[in-house]
Amino acid sequence: MPLLRALARGGAAAIELGIPFSDPLADGPAIQRTSEVALAHGAGVAHALAAAAAFRDVPLVFMTYANPVLAYGASRFAAEARAAGVAGVIISDLPPEERPDVWEALRACDLDTILLIAPTTSPARRAELARRSRGFVYCLSRTGITGDAARAFSEELEPTVAAVRAVTDVPVGVGFGVSNASRAAQVAKIADAVIVGAALCERIEKARASGTDAALAEAESFVRELVEAVG
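Position in the sequence shown (from 1) plus 202 gives the number in this note's numbering.
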């Protein structure tokens, strides 16, 4: 909870709260380590729901994988997420054609279902995912996993965002590899939202050596830096 409030004070327009999973395939080392720490301290779906219920400063989106949702029960998960005030859900490893019961449970509870589009996604598939997305469309700046700040954005990023805009009025966010203020500003020129996860986790992890207060201050400062960069 203190971290969520620190991010809100820094100016975050919305917050993506990850539900830890033991096999986070889409995530790089930074978020994998945070998942390991969270799981070691007993965090999971119930913990995320409790945090969401106590936090209403800015919209909150859950980011997770299919396994935690299925283990908790899709209908139960959706109903409790809605009751906790969660705005939307990203299930990064569950295509919209699979487990229709899960997607229907989310829709029935009026939770935004946010789908991911990669630079390598085919035009037909891209259009279908964009049309199915609610809340916003999550475009990946490149292929691969989260983090890896040394890698450049895909040359297809700008055309991909433009193509998504052509088939939906839902806002477009861009994430993966947005590691600093300069990259955030670059993304803000073409997208409606800049999504930063791994870089934030890395900053927090380094600052934790100086204590919890230092980590919270670093998180707030980094978000403020990003907000100022995107104007």
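All residues carry an ideal CB built from backbone N, CA and C; glycine is no exception.
Determine the extent of the beta strand (DSSP E) in which E218 is found, giving its start and end residues. Boundaries of the beta strand (DSSP E) harbouring E218: 217-220, taken from the DSSP string.
Secondary structure at P373, three-state DSSP: helix, strand or coil? Here P373 carries a coil assignment [DSSP, helix/strand/coil].
Are the Cβ atoms of V372 and I397 separated by less than 8 Å? No, they are not a contact pair.
List the whole-angstrom C-beta distance separating G212 from V429, where the pair is believed to meet the contact cut-off of C-beta under 8 Å. Contact between G212 and V429 holds, since their C-beta atoms are separated by about 7 Å, short of 8 Å.
Based on the DSSP secondary-structure assignment, which residues constitute the bridge partners of V396? In the DSSP output, where bridge partners are listed per residue, V396 has V376.
Per DSSP, what are the beta-bridge partners of D314 in this structure? G290, per the DSSP bridge assignment.
Using the Cβ count rule (16 or more neighbours within 10 Å means buried), how would you classify A368? Residue environment: A368 is assigned as exposed (fewer than 16 neighbouring CB atoms within 10 Å of its CB, all protein chains considered).
Pick out whichever of L418, I406, R410 has its Cα sitting closest to the Cα of A208. That would be L418, whose Cα lies nearest to the Cα of A208.
Compare the Cα-Cα distances from S294 to each of T315, A281, F279, A310 and report the closest residue. Answer by Cα proximity: T315.
F264 in three-state terms, based on DSSP: In the three-state reduction of the DSSP assignment, F264 falls in the strand class, which pools E and B.
Measure the alpha-carbon distance for A254 versus E358 and round it to whole angstroms. Going by the C-alpha atoms only, they are around 35 Å apart.
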